[in-house]
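Peer 1: So that we are looking at the same thing, I have put the structure below in structure tokens.
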Amino acid sequence: MKRICLIIFLTICICNVLLDSKEAECFSFTWPGPGIDRNCTIYNEKYPNIPCIEPTYEDNTRPNTTELWYDIQKGIEGREYLSTLESNCVCIKYTYIYNGVVVNASYFCGKVIEDQAIAVTSGCYVTYTEGYTIEVCACRSEANDIPCNSTIRNTYSILITFMATVPLFIYKIFNIP
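Residue numbers -24 to -1, 1 to 153, in mature numbering (1 follows the signal peptide of the UniProt record, and there is no 0), belong to the letters of the sequence shown in order.
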């Protein structure tokens, strides 16, 4: 009897997990910045080297993607700001920064190629041009989880690096054999 109950319980759990699972997603929109035209056609004519992804985020303040994700989960709004992550692509966040302030940001699915040959699946790359900092972050989202292109940089990697370095310094300082 216990075995039958366990089998039924496991079957229900597996069905719930499988029925609830969905594909991995990326945020897919552009926040053009305050006071900038929200039409991507006009935007791309003015700024041909900066991506503009439809739809545009309509607020003058930079989007809080964590709040946006929770609103989507609650069914409040924002479903149009997501797209399904294709198997050969990554989630990308392309950010223009001037004097430490984000000027505009685009979130989308795509491919990042380093040195015209190497496909990038994770990490952030920074370049400086005409007084601006351009930051491109790539990552792979997991199904049923917040899209990974929701943050500017992976702060966990900084924390992990710090935590790995501290024991080395302690080892050196106290001369532990």
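Ideal Cβ placement from N, Cα and C applies to all residues, glycine included.
Would you call the CB atoms of A70 and V102 closer than 8 Å?
Peer 2: Reading off the sequence, residue 70 comes out as Tyr, not Ala. Not a contact, by the Cβ cut-off of 8 Å.
Peer 1: So what's I134 in DSSP terms, helix, strand or just coil?
Peer 2: Unreliable placement is indicated for I134, whose pLDDT of 48 sits below 50; the coordinate value is still reported in the next sentence. Note: I134 maps to helix in three-state DSSP.
Peer 1: Note the first and the last residue of the continuous alpha helix (DSSP H) segment covering N75.
Peer 2: Per DSSP, N75 lies in no alpha helix (DSSP H) and is assigned neither H nor E.
Peer 1: Could you check which residue in D35, I68 and D47 has the C-alpha nearest to that of S117?
Peer 2: I68
Peer 1: So for S(-4), helix, strand or coil by DSSP?
Peer 2: Confidence is the limiting factor: at S(-4) the pLDDT is only 45, short of 50, which leaves the residue's position unreliable, though a coordinate-based value still follows. Here S(-4) sits in coil by DSSP.
Peer 1: Tell me which residues share the same chain as T17 and place their Cβ nearer than 7 Å to its Cβ, disregarding the 5 neighbours each side in the sequence.
Peer 2: none
Peer 1: So what's C124 in DSSP terms, helix, strand or just coil?
Peer 2: Helix at C124.
Peer 1: Measuring straight from C-alpha to C-alpha, what distance separates E1 and V77?
Peer 2: Each residue's alpha carbon lies about 27 Å from the other.
Peer 1: Can you pull the DSSP bridge partners for A81?
Peer 2: W7 and T71
Peer 1: Between I12 and T105, what straight-line distance do the alpha-carbon atoms span, to the nearest angstrom?
Peer 2: In a straight line, the C-alpha of I12 is about 20 Å away from that of T105.
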